[in-house]
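>
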Amino acid sequence: MSELTLERGLAAFRAEVDGPVAAFFSSCVHCGICAQACPFYLETGDAKYTPILKLEPLRRVWENDFTLWGKIKGLFGLNHKVTDEMLAEWEELLYDSCSMCGRCSMVCPVGNDLALMIRKSREGMVQAGHAPEGLIAASVRAIQTGSPMGLQWKTLAVQIQHVQTSSGLEVPVDKEGAEYLVLLSSMEIINFPEYLEAITKIFDHAGVTWTLSTQCFEATNAGIQIGNKDIAAQLVERVVAAAEKLKVPKVISPECGHAFTAIRWEGPNLIGRPYPFRVFHIIEVLDELRASGRLKTEGMETDRLSMHDPCNLARKSGVIQQQRNLMNLVAENFVELKEHGKFQWCCGAGGGVSSNERAEPLKMAAFKRKKAQIEEVNPERMVTMCATCRTQLEEGLEEFNMEIPVVGLTEMIAEHLVEKN
Amino acid sequence: MSGSMEFLLWTKGAMFNIAIAIFAIGLLVRIAEIFMLGRAKNFAEARAGEWGPGLRTMFTRTVADPGTFQRAPFNVVVGWVWHIGFLTALLLFLPHIKLIESLTGLSWPALPNPVISLVTSVTLVALIATLVHRMTHPVKKRISTVEDYLVWAVVFAVVLTGWLAYYRLVNPYPLVLGMHILSAEIMLILLPFTKLTHIFTTFIARWYNGAAFGRKGVQS
Numbered sequence: 005m006s007e008l009t010l011e012r013g014l015a016a017f018r019a020e021v022d023g024p025v026a027a028f029f030s031s032c033v034h035c036g037i038c039a040q041a042c043p044f045y046l047e048t049g050d051a052k053y054t055p056i057l058k059l060e061p062l063r064r065v066w067e068n069d070f071t072l073w074g075k076i077k078g079l080f081g082l083n084h085k086v087t088d089e090m091l092a093e094w095e096e097l098l099y100d101s102c103s104m105c106g107r108c109s110m111v112c113p114v115g116n117d118l119a120l121m122i123r124k125s126r127e128g129m130v131q132a133g134h135a136p137e138g139l140i141a142a143s144v145r146a147i148q149t150g151s152p153m154g155l156q157w158k159t160l161a162v163q164i165q166h167v168q169t170s171s172g173l174e175v176p177v178d179k180e181g182a183e184y185l186v187l188l189s190s191m192e193i194i195n196f197p198e199y200l201e202a203i204t205k206i207f208d209h210a211g212v213t214w215t216l217s218t219q220c221f222e223a224t225n226a227g228i229q230i231g232n233k234d235i236a237a238q239l240v241e242r243v244v245a246a247a248e249k250l251k252v253p254k255v256i257s258p259e260c261g262h263a264f265t266a267i268r269w270e271g272p273n274l275i276g277r278p279y280p281f282r283v284f285h286i287i288e289v290l291d292e293l294r295a296s297g298r299l300k301t302e303g304m305e306t307d308r309l310s311m312h313d314p315c316n317l318a319r320k321s322g323v324i325q326q327q328r329n330l331m332n333l334v335a336e337n338f339v340e341l342k343e344h345g346k347f348q349w350c351c352g353a354g355g356g357v358s359s360n361e362r363a364e365p366l367k368m369a370a371f372k373r374k375k376a377q378i379e380e381v382n383p384e385r386m387v388t389m390c391a392t393c394r395t396q397l398e399e400g401l402e403e404f405n406m407e408i409p410v411v412g413l414t415e416m417i418a419e420h421l422v423e424k425n
Numbered sequence: 003m004s005g006s007m008e009f010l011l012w013t014k015g016a017m018f019n020i021a022i023a024i025f026a027i028g029l030l031v032r033i034a035e036i037f038m039l040g041r042a043k044n045f046a047e048a049r050a051g052e053w054g055p056g057l058r059t060m061f062t063r064t065v066a067d068p069g070t071f072q073r074a075p076f077n078v079v080v081g082w083v084w085h086i087g088f089l090t091a092l093l094l095f096l097p098h099i100k101l102i103e104s105l106t107g108l109s110w111p112a113l114p115n116p117v118i119s120l121v122t123s124v125t126l127v128a129l130i131a132t133l134v135h136r137m138t139h140p141v142k143k144r145i146s147t148v149e150d151y152l153v154w155a156v157v158f159a160v161v162l163t164g165w166l167a168y169y170r171l172v173n174p175y176p177l178v179l180g181m182h183i184l185s186a187e188i189m190l191i192l193l194p195f196t197k198l199t200h201i202f203t204t205f206i207a208r209w210y211n212g213a214a215f216g217r218k219g220v221q222s
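Chains F and R, in that order, give the protein sequences. So the first sequence is numbered by our numbering: it starts at 5 and just counts up by one. So the second sequence is numbered by our numbering: it starts at 3 and just counts up by one.
In structure tokens form, the structure reads like this:
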């Protein structure tokens, strides 16, 4: 790879400016409402975390290079240029203090999609050499090993063995013509092995044909988190190649929020063509099985449960009702957090924040918003459907000495399956 | 008196034409810049169409969601008050309607003058409140630029001179009326080059926002 420079960065920023970006920056009135939607600002009280301020480099590129007025100002040397020092300062704002949760995009009075512009800005930051070490390392591992955590198939193979022994069921691998190709996230494989066992049981119960692929098991996309289209596209192509080889009509993204938005919404645009298959989040698949009567459950959870909607799943992908249908299937004492669904609050760990070690204090600060929400309804357990959110909830609740276990929705459903005769 | 009358005639004549021309060309360029950039083709399978959700967001974003309202009530309420006040005075004051009629042939009923006068007074107070808020709230203070204060000053000048002219508080009258017209013309001239563009582009921005979320199945 040739050297990363300010010039390359500026070119990448320029490549991201499109009609929406121009409309957004033309419309900002500096009202500051976006700050009221940002857990990083609200929980630190530091005005530098105001979402629109994080976009100042992209705004300058737009004004200087894409507006007549900006060009006239440039002739007289009156424009504000983007410098290397500026980008160095903005690295913390664009990565450490933004999970791209998109809440600001929902409340901006003039309609600015700020999260989209953060995603775009990161493309410029990478090319200018101002991406965080943690995310660079994760991207390199993802390209080299297939997993951002460096996890290899042999580790998953051991887990598959465990699942097969404990469940007495086969975990299908490289089964051509199955209905679903199941993808996993490394975070899940390491932290929540119960997920694989849960889907093995559920799919057996519902008579669904599925398979894992030795060629590609990772659903997450470090290229999108860091903001590099080339890396992101390569990772998407791996999924497409695996799905095409196994001739599956459908691909399932795991309990991971960003993996879903990556493969579902960005993927086809990264590779520049539509997929020959459809993509679903596991929660969509489970709700579809429920609706068609293929998911038969018995018994109910009786303790007070609440639920955290992952931003990428709810606000950014429209999967909102499905998890509620599933909760109502197995939980009799389910209580919503006050602001939920498309207006839920981020856990603080998404968008690459959790892979960026130096952002740890900010990540925990942002979590306080979620903590306050949880305290408001005082549940006995929290349910979610994203491994990153789940890890953050567990770590955060422990940090604040709150004894509230966190469970994955898929596992909870698996525990209530009617036994086959 | 004759000097002030000449000034008034200038604002109504040559200056008016200049302002309208700069406004129209500038705005056209700005809007063209947006649409010529366009959007890349989207290959991801949509959950829903873009037009419906886009059009809805163009209107619904005018009202803050309950959570945002609770967290920033001052920002929301004061913003609403002065926008409505400004629009009411602009569009429902008889002399303004007559001006619009002379330019476009379109006409509609006006509000009684005392109502307009009250609305204008409230707008002035609300505008002062936004300035104080901008200078004191940590977020607004941090993100504000010279342009924000310039635009505030021009908008305030338009409303203030209108109010002064209505009450004949400056003599001679042609001078204050001329100042009112001139400040409105300065506002028109600045519009395409400052955040005042949002008067038009916010609807484009909101459409893009609603469309992007809408195709993913979320009404934004």
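By construction, the Cβ of each residue, glycine as well, lies at the ideal position given by its N, Cα and C atoms.
Inspect the beta-carbon positions of residue 126 (chain R) and residue 112 (chain R) and report whether they are closer than 8 Å.
For the purposes of this step, residue 126 (chain R) is taken as residue 124 along the second sequence, with counting starting at 1. For the purposes of this step, residue 112 (chain R) is taken as residue 110 along the second sequence, with counting starting at 1. Contact flag unset, no.
> Considering only residues of the same chain and omitting the five flanking positions on each side of residue 195 (chain F), which have a CB-CB separation below 8 Å?
One-based indexing of the first sequence puts residue 195 (chain F) at position 191. Excluding positions up to five away in sequence, the list reads 391, 394 and 395.
> Quick check: is the beta carbon of residue 135 (chain F) nearer than 8 Å to any beta carbon in chain R?
In the first sequence, residue 135 (chain F) corresponds to position 131, counting from 1. Closer than 8 Å: no.
> Can you check DSSP and say which residues form a bridge with residue 310 (chain F)?
Against the first sequence, residue 310 (chain F) aligns to sequence position 306. For residue 310 (chain F), which the question treats as bridged, DSSP gives the partners F:386.
> So which residues of chain F does residue 58 (chain R) contact, with C-beta pairs closer than 7 Å?
Taking the first residue of the second sequence as position 1, residue 58 (chain R) is located at position 56. Within chain F, no residue comes near residue 58 (chain R); the closest Cβ sits about 11 Å away, beyond 7 Å.
> Interface residues of chain R around residue 346 (chain F) at Cβ under 9 Å?
As a first step, residue 346 (chain F) must be located in the first sequence, where it is residue number 342. Going along chain R in sequence order, the residues near residue 346 (chain F) (Cβ under 9 Å) are 215, 220, 221 and 222.
> Taking only runs of the alpha helix (DSSP H) that begin and end inside the segment 190-264 of chain F, which ones reach a length of at least 4 residues, in chain order?
Listed in chain order, the complete alpha helix (DSSP H) runs (minimum 4 residues) inside the segment 190-264 of chain F are 190-195, 198-210, 226-230 and 233-250.
> Name the chain R residues that come within less than 9 Å of residue 273 (chain F), Cβ to Cβ?
By one-based count along the first sequence, residue 273 (chain F) stands at place 269. Within 9 Å Cβ-Cβ: 42, 43, 44, 45 and 46.
> Which residue from F:389, F:94 and F:310 puts its Cα closest to that of residue 377 (chain F)?
Along the first sequence, one-based indexing puts residue 377 (chain F) at 373. Nearest option by C-alpha distance: F:310.
> Using a threshold of 8 Å, state whether the C-beta atoms of residue 268 (chain F) and residue 321 (chain F) are closer than that.
One-based indexing of the first sequence puts residue 268 (chain F) at position 264. One-based indexing of the first sequence puts residue 321 (chain F) at position 317. Closer than 8 Å, so yes.
> Below 7 Å on C-beta distance, what does residue 54 (chain F) contact in chain R?
Walking along the first sequence from the start, residue 54 (chain F) turns up at place 50. Neighbours of residue 54 (chain F) on chain R, chain order: 141, 144 and 145.
> Near residue 380 (chain F), which residues of its chain fall below 8 Å by C-beta distance, leaving aside the five closest residues on each side in sequence?
On the first sequence, position 376 is the one that residue 380 (chain F) refers to. Cβ neighbours of residue 380 (chain F) beyond the five flanking positions: 341 and 342.
> Out of F:95, F:212 and F:163, which one is the CA nearest neighbour of residue 188 (chain F)?
Looking up residue 188 (chain F) in the first sequence gives position 184. For the residues F:95, F:212 and F:163, the minimum Cα distance to residue 188 (chain F) belongs to F:163.
> Less than 8 Å separating the beta-carbons of residue 203 (chain F) and residue 177 (chain F)?
For the purposes of this step, residue 203 (chain F) is identified with residue 199 of the first sequence, where counting begins at 1. For the purposes of this step, residue 177 (chain F) is identified with residue 173 of the first sequence, where counting begins at 1. Contact flag unset, no.
> Below 8 Å on the Cβ atoms is my guess for residue 42 (chain R) versus residue 40 (chain F); work out the distance and round it to an integer in Å.
Position 40 of the second sequence, counted from the first residue, corresponds to residue 42 (chain R). Position 36 of the first sequence, counted from the first residue, corresponds to residue 40 (chain F). In fact, because the Cβ distance is near 31 Å, the residues do not count as touching under 8 Å.
> Starting from residue 284 (chain F), follow the beta strand (DSSP E) in both directions and report where the run begins and ends.
Here residue 284 (chain F) refers to the residue found at position 280 when the first sequence is read from its first residue. 282-285 is the extent of the beta strand (DSSP E) around residue 284 (chain F).
> How many Å lie between residue 171 (chain F) and residue 140 (chain R) at the Cα?
Your numbering for residue 171 (chain F) matches position 167 in the first sequence. Your numbering for residue 140 (chain R) matches position 138 in the second sequence. Whole-angstrom Cα-Cα distance: 57 Å.
> Compare the C-beta of residue 34 (chain F) with all C-beta atoms of chain R and state if any pair is closer than 8 Å.
Position 30 of the first sequence, counted from the start, is the residue given in the question as residue 34 (chain F). Taking Cβ atoms only, chain R reaches closer than 8 Å to residue 34 (chain F), which makes this a yes.
> Nearest chain C C-beta to residue 210 (chain R) closer than 8 Å, yes or no?
Of the protein chains in this structure, namely F and R, none is chain C.
> Apart from the five residues just before and just after residue 84 (chain R), which ones in its own chain have a Cβ nearer than 6 Å to its Cβ?
Counting from 1 along the second sequence, the entry for residue 84 (chain R) is found at position 82. Counting only Cβ-Cβ distances below 6 Å, and skipping sequence neighbours, we find 125, 128 and 129.
> On the CB-based measure, 16 or more other CB atoms within 10 Å of its CB, does residue 16 (chain R) come out buried or exposed?
The residue you call residue 16 (chain R) lines up with position 14 of the second sequence. Classification of residue 16 (chain R): exposed, given that the 10 Å Cβ count is below 16.
> Starting from the beta carbon of residue 206 (chain R), find every residue of chain F whose beta carbon is closer than 7 Å, and list them in chain order.
Numbered from 1 along the second sequence, position 204 holds the residue referred to as residue 206 (chain R). Residues of chain F passing the Cβ test: 27.
> Counting only runs that start and end within the segment 195-221 of chain R, where is the alpha helix (DSSP H) found for 4 or more residues in a row?
Listed in chain order, they are 200-216.
> My parser needs the alpha helix (DSSP H) runs of 4 or more residues fully inside the segment 332-369 of chain F; what are they?
Counting only runs of 4 or more, we get nothing.
> Run through chain R and tell me which residues come within less than 7 Å of residue 282 (chain F), C-beta to C-beta.
Within the first sequence, residue 282 (chain F) is the residue found at index 278, counting from 1. Simply 47.
> Residue 277 (chain F): buried (16+ other C-beta within 10 angstroms of its C-beta) or exposed?
Here residue 277 (chain F) refers to the residue found at position 273 when the first sequence is read from its first residue. Its Cβ having fewer than 16 others within 10 Å, residue 277 (chain F) is exposed.
> With a 10 Å radius around its C-beta and 16 neighbouring C-beta atoms as the bar for buried, classify residue 208 (chain R) as buried or exposed.
Position 206 of the second sequence, counted from the start, is the residue given in the question as residue 208 (chain R). With 16 or more Cβ atoms within 10 Å of its Cβ, residue 208 (chain R) is classed as buried.
> Classify residue 129 (chain R) as helix, strand or coil using the three-state DSSP reduction.
Locating residue 129 (chain R) in the second sequence gives position 127, counting from the first residue. The answer is helix: DSSP assigns residue 129 (chain R) an H, G or I state.
> Does the separation of the CB atoms of residue 160 (chain F) and residue 215 (chain F) fall below 8 Å?
Sequence index remark: in the first sequence, residue 160 (chain F) carries index 156 (1-based). Sequence index remark: in the first sequence, residue 215 (chain F) carries index 211 (1-based). For residue 160 (chain F) and residue 215 (chain F), no; Cβs fall outside 8 Å.
> Say whether chain R places a C-beta atom closer than 8 Å to the C-beta of residue 343 (chain F).
Within the first sequence, residue 343 (chain F) is the residue found at index 339, counting from 1. By this cut-off, residue 343 (chain F) is an interface position.
> Mind checking which residues open and close the beta strand (DSSP E) that includes residue 184 (chain F)?
Locating residue 184 (chain F) in the first sequence gives position 180, where the first residue counts as 1. Residues 184-186.
> Whose C-beta lies closer than 8 Å to the C-beta of residue 83 (chain F) among residues of the same chain, with five residues either side of it excluded?
The sequence position of residue 83 (chain F) within the first sequence is 79, counting from 1. Cβ within range, chain order: 64, 67, 68, 74 and 77.
> Can you name, in chain order, every residue of its own chain whose Cβ lies under 8 Å from the Cβ of residue 80 (chain R), other than the five neighbours on each side?
Numbered from 1 along the second sequence, position 78 holds the residue referred to as residue 80 (chain R). Excluding sequence neighbours, residue 80 (chain R) sits near 128, 131, 132 and 135.
> Please look up how many angstroms separate the CB atoms of residue 103 (chain F) and residue 422 (chain F), rounded, as I've assumed it's under 8 Å.
What you label residue 103 (chain F) is simply residue 99 of the first sequence in a count that begins at 1. What you label residue 422 (chain F) is simply residue 418 of the first sequence in a count that begins at 1. With a Cβ gap of about 38 Å, residue 103 (chain F) and residue 422 (chain F) do not count as contacting.
> Quick check on this structure: which residue in F:307, F:289 and F:305 has the alpha carbon closest to the alpha carbon of residue 299 (chain F)?
Stepping through the first sequence from its first residue, residue 299 (chain F) is reached at position 295. It is F:289 whose Cα lies nearest to the Cα of residue 299 (chain F).
> My output table needs one value for residue 105 (chain R): the three-state DSSP class, helix, strand or coil.
In the second sequence, counting from the first residue as 1, residue 105 (chain R) sits at position 103. Helix at residue 105 (chain R).
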